[in-house]
Structure formats: C-alpha cells, structure tokens
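The structure under discussion appears below in the form of structure tokens.
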Amino acid sequence: KQEVTQIPAALSVPEGENLVLNCSFTDSAIYNLQWFRQDPGKGLTSLLLIQSSQREQTSGRLNASLDKSSGRSTLYIAASQPGDSATYLCAVRGLGGANNLFFGTGTRLTVIP
Amino acid sequence: DTAVSQTPKYLVTQMGNDKSIKCEQNLGHDTMYWYKQDSKKFLKIMFSYNNKELIINETVPNRFSPKSPDKAHLNLHINSLELGDSAVYFCASSPLDRPSYNEQFFGPGTRLTVL
C-alpha cells in the first residue's frame, strides 16, 4: 500500500530565502508525482507534474525533482515571497487500476516579510 | 472559465439527513474523483469513476454513493449523515489516456458540517 510522507510538517523562513520541501513514497511503481498548493480554506492548485521517466520539472521559481528508485521528490522554491505561504502537498499516482492520487500529509510554509 | 466546479461551497446539516454535493468539469476529461480531507488536512480518495468503471475505496461507507448523469458530472450523495462525515470534500478530474501525463485538476471543495 502506497504511503506518502512529507517533511517537515511546517516551515517558517524569512522572505528571500531559498527552501526545499521533501516528499517520500514507499512504492516506486508510479506513473507520476504531482505537487499542489493549498491556501487556507481553498482548493488545490496544481504546481508541477513529473512523469515517472523524468528527473525534474521547472516552473518559474519552482523546481521539482524526482528520484523514483529511492522514492523521493523535492520541491525547491527560490527567492521565497510572502505570497508563497500556503500548504504544499505532494501526491503520487500508482500503477494500479484506479487513477487516483495518494497524498502526503503536507508542509505548511510561512514566508515572513 | 474551464474548471472543475462544486456546489455548494458550504453545507451545514443535521445528523441523519441525506445530502448531495454536485461536481461539474468542462475540461473534457474522462475520469472524475471524489476525495475527502479530514480535520487533520489529510486527503484521501473516496471514488474514482470513468464512463466504464467505478472504483470504490474499501474504507468508504456505503452511505456514500457517486452518481454520474453524464461524463461532465459526478455528484456525491450521502445518506444518513453522521458527525464523522464532517470534512471538506474535493472533486477532481483527469484525462483517461496517457496516464504518465495525466494531471489532476481539483474543484474548490465543499465544507460539510454535520451537527
């Protein structure tokens, strides 16, 4: 059974710092890994999707890496801004019949002005 | 706007009632999902459905049933609501083919409170 863990659970950084969020998963048989952002009381916004054959994806100040064999992904945020404050969720899509995502527990990021 | 939409955004109801949450996507996707986010903010799949197959998470009580009038809609019907059903429910959709590329798009969520 797939289990996804995110460390740390919460992180506070001063504005301008670069930071890394970690995600690990127990079953490396995945189609892809997706990083989401969730603002308080809001839905999920997809940030990046990495296919199982890829090593990384970049979008603006965000860079996500994937090491499928070791069951790890990182989300790197460069030059953090207060507007980056949110909960970041990673999710993997397994190879099983259902197309659903298995979600991590999330990292709550606070960027201090 | 192209999106996944849900109604209502908030739902407050008494224990024992029956309620429905509606979900619509205009992305032309083949597969739709319902997820539940509990009080600890953990998201877990409830149902996965395309026009051929319904896959149910075995932990979901049979009081919950998805109903799909057409490919663009997947409504969630809940019978005999219990206190423990209070949560945020998210609908999502994705294309069916090319699974490695399939990004899932989420609705804004419905916050259900059972009193």
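As you go down the protein sequences, you meet chains F and E in turn.
Following this note's numbering, the numbering of the first sequence begins with 1181 at its first residue and continues without gaps.
Following this note's numbering, the numbering of the second sequence begins with 67 at its first residue and continues without gaps.
Glycine included, each C-beta is placed from N, C-alpha and C at the ideal position.
Top-ranked residue by Cα proximity to His139 (chain E), from E:Met81, E:Tyr115, E:Thr79: Here residue 139 (chain E) is taken as the residue at index 73 of the second sequence, counted from 1. Ranking the options by Cα distance to His139 (chain E), first place goes to E:Tyr115.
Whole-Å CB distance - Gly175 (chain E) paired with Gln72 (chain E), under 8 Å assumed: Working through the second sequence from its first residue, we reach residue 175 (chain E) at position 109. Working through the second sequence from its first residue, we reach residue 72 (chain E) at position 6. Yes, Gly175 (chain E) and Gln72 (chain E) are in contact; Cβ-Cβ is about 7 Å, under 8 Å.
Proximal residues of chain F, C-beta to C-beta of Gly175 (chain E) below 7 Å: Residue mapping note: residue 175 (chain E) aligns to position 109 of the second sequence, counting from 1. In chain order: Gly1223.
Nearest residue (CA-CA) to Ala1258 (chain F), options F:Pro1188, F:Val1184, F:Pro1194: For the purposes of this step, residue 1258 (chain F) is identified with residue 78 of the first sequence, where counting begins at 1. Nearest C-alpha to Ala1258 (chain F): F:Pro1194.
Residue range of the unbroken beta strand (DSSP E) whose run includes Asn141 (chain E): Position 75 of the second sequence holds residue 141 (chain E). Run containing Asn141 (chain E): 141–144, per the beta strand (DSSP E) assignment.
Beta-carbon proximity of Thr1185 (chain F) to Thr1285 (chain F), cut-off 9 Å: Locating residue 1185 (chain F) in the first sequence gives position 5, where the first residue counts as 1. Locating residue 1285 (chain F) in the first sequence gives position 105, where the first residue counts as 1. Their beta carbons are under 9 Å apart, which means Thr1185 (chain F) touches Thr1285 (chain F) by this criterion.
Cβ pair Ser1192 (chain F), Thr1290 (chain F) closer than 9 Å: On the first sequence, position 12 is the one that residue 1192 (chain F) refers to. On the first sequence, position 110 is the one that residue 1290 (chain F) refers to. Cβ atoms of Ser1192 (chain F) and Thr1290 (chain F): closer than 9 Å.
Where Gly150 (chain E) falls: helix, strand or coil (DSSP): For the purposes of this step, residue 150 (chain E) is taken as the residue at position 84 of the second sequence. Of the three classes helix, strand and coil, the one that applies to Gly150 (chain E) here is helix, per DSSP.
Tyr1211 (chain F) versus Leu162 (chain E) - alpha carbon distance: Residue mapping note: residue 1211 (chain F) aligns to position 31 of the first sequence, counting from 1. Residue mapping note: residue 162 (chain E) aligns to position 96 of the second sequence, counting from 1. Between Tyr1211 (chain F) and Leu162 (chain E), the C-alpha separation is close to 13 Å.
Pair within 9 Å by beta-carbon distance, Thr79 (chain E) and Val180 (chain E): Residue mapping note: residue 79 (chain E) aligns to position 13 of the second sequence, counting from 1. Residue mapping note: residue 180 (chain E) aligns to position 114 of the second sequence, counting from 1. For Thr79 (chain E) and Val180 (chain E), yes; Cβs fall inside 9 Å.
Cβ-based neighbour list, Ser1245 (chain F), same chain, cut-off 7 Å, excluding 5 preceding and 5 following: Start at 1 with the first residue of the first sequence, and residue 1245 (chain F) comes out as number 65. Shown here for Ser1245 (chain F): same chain residues with a beta carbon closer than 7 Å to its own, the five before and five after excluded, namely Arg1235, Glu1236, Ser1253, Thr1254 in chain order.
For Leu1228 (chain F) and Phe1216 (chain F), the rounded distance between their alpha carbons: Residue 1216 (chain F) sits at position 36 when you count from the first residue of the first sequence. Residue 1228 (chain F) sits at position 48 when you count from the first residue of the first sequence. Each residue's alpha carbon lies about 7 Å from the other.
Same chain only: Cβ atoms within 7 Å of Glu1197 (chain F), ignoring 5 sequence neighbours per side: Stepping through the first sequence from its first residue, residue 1197 (chain F) is reached at position 17. Hits under 7 Å: Ser1260.
Any C-beta of chain F under 9 Å from that of Ser105 (chain E): Indexing the second sequence from 1 puts residue 105 (chain E) at position 39. Contact of Ser105 (chain E) with chain F is not assigned, every C-beta pair being separated by 9 Å or more.
Gln1231 (chain F) versus E:Asn168, E:Arg177, E:Phe172, residue with shortest Cα-Cα distance: Position 51 of the first sequence, counted from the start, is the residue given in the question as residue 1231 (chain F). The shortest CA-to-CA distance from Gln1231 (chain F) to any of E:Asn168, E:Arg177, E:Phe172 is the one to E:Asn168.
Runs of beta strand (DSSP E) lying entirely within the region 1227–1288 of chain F, each at least 3 residues, in chain order: Fully enclosed beta strand (DSSP E) runs of 3 or longer: 1236–1239, 1242–1247, 1252–1257, 1266–1274, 1281–1283.
Neighbourhood of Gln1294 (chain F) by C-beta, 7 Å cutoff - its chain only, sequence neighbours within 5 removed: Nothing can be reported for residue 1294 (chain F), as the shown portion of chain F is limited to 1181 through 1293.
Collapsed DSSP secondary structure at Lys75 (chain E) in the structure displayed: The count along the second sequence starts at 1 and reaches residue 75 (chain E) at position 9. Coil.
Per DSSP, cross-strand counterpart(s) of Tyr155 (chain E): Here residue 155 (chain E) refers to the residue found at position 89 of the second sequence. DSSP lists E:Lys102, E:Thr176 as the beta-bridge partner residues of Tyr155 (chain E).
Neighbour flag for Ser1265 (chain F) against chain B, beta carbons, 9 Å: Protein chains in the displayed structure are F and E, and chain B is not among them.
Contact with chain F by Phe130 (chain E), beta-carbon distance below 9 Å: Locating residue 130 (chain E) in the second sequence gives position 64, counting from the first residue. So, not an interface residue.
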